[in-house]
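73 is the number of the first residue of the sequence shown in the working numbering; add one for each residue after it.
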Amino acid sequence: MLGLPKGSLEESTKALFAKAGWKITTSSRSYKPSIDDAELDGRFVRAQEVAR
């Protein structure tokens, strides 16, 4: 399970994962992204919550 930052860090995080070879797609209202690797599961959370 990956905790991904929602909000201002979202686009830069998706770009970083794209450089590593993973495509993350989202819908505007969903907290569950689609990742092109079946073994990865992620959720968008507030950036302050990622480290917890």
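The beta-carbon is built from N, C-alpha and C at its ideal position, and this holds for glycine as well.
{"Query": "Spatial distance of Asp109 from Ile96 (CA atoms)", "Result": "9 angstroms"}
{"Query": "Reduced DSSP secondary structure (H/G/I, E/B, other) of Thr98", "Result": "coil"}
{"Query": "Between the CA atoms of Thr98 and Arg115 - distance to the nearest angstrom", "Result": "10 angstroms"}
{"Query": "Cross-strand partners of Leu74 (DSSP beta bridge)", "Result": "Gly114"}
{"Query": "Rounded straight-line distance, which links the Cα of Pro77 to that of Asp85", "Result": "The identity of residue 85 in the sequence shown is Thr, whereas the question assumes Asp. One C-alpha to the other measures close to 7 angstroms."}
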